[in-house]
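Inspection log for the structure reproduced underneath, given as structure tokens.
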Amino acid sequence: MSGATETAEIPITVDFSGGLEMLFDNQRRHSVSLPAVDANGKPATIAFLIDYLCKNLMQDPRAELFVLDNHIRPGILVLVNDADWELEGEEAYEIQPRDNILFVSTLHGG
Amino acid sequence: MEGDVESQPVADGTTAATDSVANGCSRRLTDDEFDRYSRQMIVPGMGKEGQLRLINSRVLVIGAGGLGCPAAQYIAGAGVGTIGIIDNDVVEASNLHRQVGHATSRIGMKKVDSLITHLKELNPLPTYVPYPFQLTPQNAADIISKYDLVMDCTDNPVTRYLISDVCVLVRKPLVTAAAIQKSGQLTVLNCPPTPQGLVDSEYAPCYRCCFRKPPPPSSMVSCGEAGIMGPVVGMMGVAQAGEAIKILASALHMPVAKNVGDNNTPEKNLKQPTLLIYTFDLESAVGPYSFRALKMGGRKRNCFACGENSTLTLEGIKTGNPDYVQFCSAPAPVVSLAPEERITAAAYHAAKEKGELPDHLLIDTREKEHFSFGSIQGAINVPFGKLLMKAAAIKRDGGPATEILPAEAVKSNTPIFVVCRTGSDSQETVEKFKELGLDNGGKRRIVDIVGGMKAWKQEVDPTFPYI
């Protein structure tokens, strides 16, 4: 493993829960090698990850069930290593190697 | 100094009920109480004091369904002194796989009465208060303020936001849970209750702090539509009871007053709540992601309900401000089909019987589980999600629409009829088919069967096994 490869991609796991897995091939956990920087050379953030997931991992065309106006849609919680993303800077959080990012749809049934 | 917990006197009297927990903690237990609660009282940390707190406390269970049944059963068993139950529904056979406080013999009975019948049998000591109607913006504050703690066991966001807002204003801790299909969630909010506008991330959040906006209605389905596994919702209801018992027995919910000199009770502060999520997997045994405990943030400065510039008031709620229904709804669907592109279930059936539809395709877009119970003769099952996926792929990569329809049907002008469960997916499907050019430039009819299989059952075949 060369240093260059390590910086080019960030290995992370991405989990979906509360029904969102349906949009991602019904699979709850995905191993993702995320490009370390975006098109402008900026470090990969959660905003970048969300866009990346829509373009590369989503099987279902109903993207509006995941993003709305380029942001995560209302009713989806984003957790960085099991903590609410607002504790981590929300969309601006810079993804670290081996992070676990969880997307959970809030439920209302009962 | 556990025994010194006192509720703070509040000018508006909204926490009056909370006093009940702290008071009366020194009386003797009756023989009946002593026997009945002995096994939980000897658990370290409970003791006689914890038990008396439960006996003196009042819990409101909102919803007597899949969450409310187990939640009420366990707090009743544990000896919570007063248990109020709100629900306007009646017991149906399809409830019983998960709503275990009801019974086959009580189908058709009001759920509150059915559940209280069960609870009295389990433990006759508590006082049970039935509210056989819906919680509304008009009655919510009056009812909720009579209790020490609220359990949100409802099934819709409109009521969830209403409950939370009122709990903020009358200062009650809220134990909230939800479940659908194979997933459940649970969290404790507003505990200890903190006055509205008192902002500091040290304070516990409300429902709106954690879930600022409801999901769009298109992404929400009810247990009736999407299904629910009994143990998933049951587990969440039992966990709600567990949280409620913990809070009440330990007086964790005693309100935080402004400028209390004593800040040395951090262990009592649930300021950073946990959201428990549970995912049940029909394909594997207990797996690594079955339970997860997620750290949520504290109270939000800009929260609509509890934040520093909040304009939310009880008076406003009563007079329709905010409008909860509107807050949780979305613009009407955009699909609009021409009259000739629609046919009622009865008219479709009649035309078929008369031989006016000799040759046509009938596409049923329900999920395969629904389809497996029965379908109109000759129907081809193309589940809606898959259909959308394939349609998107065809649009993106080109190629024939054979992926969706039988090959020989793609080019011919055989009319296509589309039916779904309740009549909305089928309209969208007609639009999609036209987008894909399956109408052959208007030469082929593509028709939506209005109202779906639900209408088929009502208009054509009352014996149809519709779920």
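Protein chains in written order, with the numbering used here: chain A, 1 to 110; chain B, 1 to 467. Ideal placement from N, C-alpha and C gives every residue a C-beta, glycine not left out.
**Asked** Where in the region 283-354 of chain B do unbroken runs of the beta strand (DSSP E), each at least 3 residues long, occur, reported from the N-terminal end onward?
**Response** 291-295, 342-344
**Request:** Could you spell out the range, first to last residue, of the alpha helix (DSSP H) harbouring Ile143/B?
**Result:** Numbered from 1 along the second sequence, position 143 holds the residue referred to as residue 143/B. Start and end: 140-144.
**Asked** Does any C-beta atom of chain B lie closer than 8 Å to the C-beta of Pro97/A?
**Response** In the first sequence, residue 97/A corresponds to position 97, counting from 1. Answer no: the Cβ-Cβ gap between Pro97/A and chain B never drops below 8 Å.
**Prompt:** Closer than 8 Å, CB to CB, is Leu107/A near chain B or not?
**Reply:** Taking the first sequence and counting its residues from 1, the one referred to as residue 107/A is at position 107. Answer yes: the Cβ-Cβ gap between Leu107/A and chain B drops below 8 Å somewhere.
**Asked** In chain A, which residues lie less than 8 Å from Gly197/B when you measure between Cβ atoms?
**Response** Translated into the one-based positions of the second sequence, residue 197/B becomes position 197. Ordered by position in chain A, no residue passes the 8 Å Cβ test against Gly197/B, which lies about 20 Å from the chain.
**Message:** Against chain A, which members of the region 138-166 of chain B pass a CB distance test of less than 7 Å?
**Reply:** Cys153, Thr154, Asp155, Asn156, Pro157, Arg160
**Message:** Along the region 223-238 of chain B, where does the CB come closer than 7 Å to a CB of chain A? Name the residues.
**Reply:** Cys223, Ile228, Val233
**Request:** Take the Cβ of Val91/B as the centre, count every other Cβ of all protein chains shown within 10 Å, and call the residue buried at 16 or more, exposed below.
**Result:** The residue given as residue 91/B occupies position 91 in the second sequence. Buried, because 16 or more other Cβ atoms sit within 10 Å of the Cβ of Val91/B.
**Prompt:** Does DSSP classify Leu20/A as helix, strand or coil?
**Reply:** Along the first sequence, one-based indexing puts residue 20/A at 20. Note: Leu20/A maps to helix in three-state DSSP.
**Beta-carbon contacts of Thr106/A that lie in its chain and below 6 Å, excluding the five residues immediately before and after** = As a first step, residue 106/A must be located in the first sequence, where it is residue number 106. Here the set comprises Gly75.
**Item:** Expected contact under 8 Å - CB spacing of Leu294/B and Asp148/B to nearest Å
**Value:** Along the second sequence, read from residue 1 onward, the residue named residue 294/B stands at position 294. Along the second sequence, read from residue 1 onward, the residue named residue 148/B stands at position 148. The Cβ separation is near 27 Å, so there is no contact.
**Item:** Under 7 Å from the C-beta of Arg292/B: neighbouring residues of chain A
**Value:** Counted from its first residue, the second sequence places residue 292/B at position 292. By Cβ distance, chain A contributes Asp82.
**Request:** Using a Cβ cut-off of 8 Å (strictly closer), state whether Pro215/B contacts chain A.
**Result:** As a first step, residue 215/B must be located in the second sequence, where it is residue number 215. Closer than 8 Å: yes.
**Asked** Taking the continuous beta strand (DSSP E) assigned at Pro173/B, which residues delimit it?
**Response** In the second sequence, residue 173/B corresponds to position 173, counting from 1. From DSSP, Pro173/B is part of no beta strand (DSSP E); its letter is neither H nor E.
**Message:** Taking CB distances under 8 Å as the criterion, tell me whether Gln59/A reaches chain B.
**Reply:** Looking up residue 59/A in the first sequence gives position 59. So, interface residue.
**Message:** Quick check on DSSP: helix, strand or coil for Ser114/B?
**Reply:** Residue mapping note: residue 114/B aligns to position 114 of the second sequence, counting from 1. Residue state, collapsed to three classes: helix.
**Message:** Closer than 7 Å between beta carbons: that is the criterion. Which residues of the region 60-76 of chain B meet it against chain A?
**Reply:** Gly63, Gly65, Gly66, Leu67
**Request:** Please go through the same chain and pick out, in chain order, the residues whose beta-carbon is closer than 8 Å to the beta-carbon of Val325/B, but skip the five residues on each side of it.
**Result:** Looking up residue 325/B in the second sequence gives position 325. Around Val325/B: Val158.
**Prompt:** Name the chain A residues whose beta carbon is nearer than 9 Å to that of Leu388/B?
**Reply:** Here residue 388/B refers to the residue found at position 388 of the second sequence. Per Cβ cutoff of 9 Å: Asp60, Pro61, Arg62.
**Request:** Look at the alpha carbon of Tyr468/B and the alpha carbon of Ile62/B, and state the distance between them as a whole number of angstroms.
**Result:** Residue 468/B lies beyond the residue range present for chain B, which begins at 1 and ends at 467; the question has no answer from this structure.
**Request:** Would you kindly work out how many angstroms separate the C-alpha atoms of Asp84/A and Leu77/A, rounded to a whole number?
**Result:** Translated into the one-based positions of the first sequence, residue 84/A becomes position 84. Translated into the one-based positions of the first sequence, residue 77/A becomes position 77. Taking the straight line joining both Cα atoms gives about 7 Å.
**Item:** Other residues of its chain near Lys111/B: CB distance less than 6 Å, five sequence neighbours each side excluded
**Value:** Here residue 111/B is taken as the residue at index 111 of the second sequence, counted from 1. The answer, listed in chain order, is Ala64, Asp87, Asp89, Val91.
**Neighbour list for Leu87/A in chain B, Cβ cutoff strictly below 8 Å** = What you label residue 87/A is simply residue 87 of the first sequence in a count that begins at 1. The answer, in chain order, is Lys295, Gly297.
**Prompt:** Starting from His30/A and walking both ways along the beta strand (DSSP E), at which residues does that stretch end?
**Reply:** Stepping through the first sequence from its first residue, residue 30/A is reached at position 30. That run of the beta strand (DSSP E) goes 29-35.
**Request:** Would you decide whether Ala39/A is buried or exposed? Buried here means 16 or more other CB atoms lie within 10 Å of its CB.
**Result:** Residue numbering aside, residue 39/A sits at position 39 when the first sequence is read from its first letter. The residue in question, Ala39/A, is exposed, as its Cβ has fewer than 16 Cβ neighbours within 10 Å.
**Prompt:** Taking 8 Å as the CB-CB limit, is Val104/A close to chain B?
**Reply:** Against the first sequence, residue 104/A aligns to sequence position 104. Taking Cβ atoms only, chain B reaches closer than 8 Å to Val104/A, which makes this a yes.
**Request:** For Lys182/B, count neighbouring Cβ atoms within 10 angstroms of its own Cβ and tell me buried if that reaches 16, exposed if not.
**Result:** Here residue 182/B refers to the residue found at position 182 when the second sequence is read from its first residue. Counting Cβ neighbours within 10 Å, Lys182/B comes out buried, since at least 16 surround it.
**Message:** Any beta carbon of chain B sitting closer than 8 Å to that of Ser17/A?
**Reply:** Start at 1 with the first residue of the first sequence, and residue 17/A comes out as number 17. Closer than 8 Å: yes.
**Best match in Arg212/B, Gly307/B, Gly297/B for proximity to Leu275/B [C-alpha to C-alpha]** = By one-based count along the second sequence, residue 275/B stands at place 275. Closest option to Leu275/B, Cα to Cα, is Gly297/B.
**Request:** Write down the C-beta distance between Ile85/B and Ala72/B rounded to the nearest angstrom, noting that I regard them as a contact closer than 8 Å.
**Result:** Residue 85/B sits at position 85 when you count from the first residue of the second sequence. Residue 72/B sits at position 72 when you count from the first residue of the second sequence. Yes, Ile85/B and Ala72/B are in contact; Cβ-Cβ is about 6 Å, under 8 Å.
**Request:** Report buried or exposed for Asp99/A, applying the criterion of at least 16 other Cβ atoms within 10 angstroms of its Cβ.
**Result:** In the first sequence, counting from the first residue as 1, residue 99/A sits at position 99. Asp99/A is buried by the Cβ-count criterion.
**Message:** Cutting at 6 Å between CB atoms, please list the residues of its own chain near Leu102/A, excluding the five before and the five after it.
**Reply:** Taking the first residue of the first sequence as position 1, residue 102/A is located at position 102. Cβ neighbours of Leu102/A beyond the five flanking positions: Asp15, Leu79.
**CA-to-CA distance, Ser412/B to Leu438/B, given in whole angstroms** = Locating residue 438/B in the second sequence gives position 438, where the first residue counts as 1. Locating residue 412/B in the second sequence gives position 412, where the first residue counts as 1. Spanning the two alpha carbons is a distance of roughly 9 Å.
**Asked** Between Leu169/B, Ala140/B, Leu67/B, Thr463/B, which lies nearest to Gly237/B when the distance is taken from Cα to Cα?
**Response** Stepping through the second sequence from its first residue, residue 237/B is reached at position 237. Looking at the Cα atoms, Leu67/B is the closest of the given residues.
**Request:** Compare the C-beta of Gly41/A against all C-beta atoms of chain B and say whether one is closer than 8 Å.
**Result:** Mapped onto the first sequence, residue 41/A falls at position 41. No - not a single Cβ of chain B is within 8 Å of the one on Gly41/A.
**Prompt:** Can you name the start and end residues of the alpha helix (DSSP H) that Gly77/B belongs to?
**Reply:** Sequence index remark: in the second sequence, residue 77/B carries index 77 (1-based). Counting along the chain, the alpha helix (DSSP H) containing Gly77/B begins and ends at 68-78.
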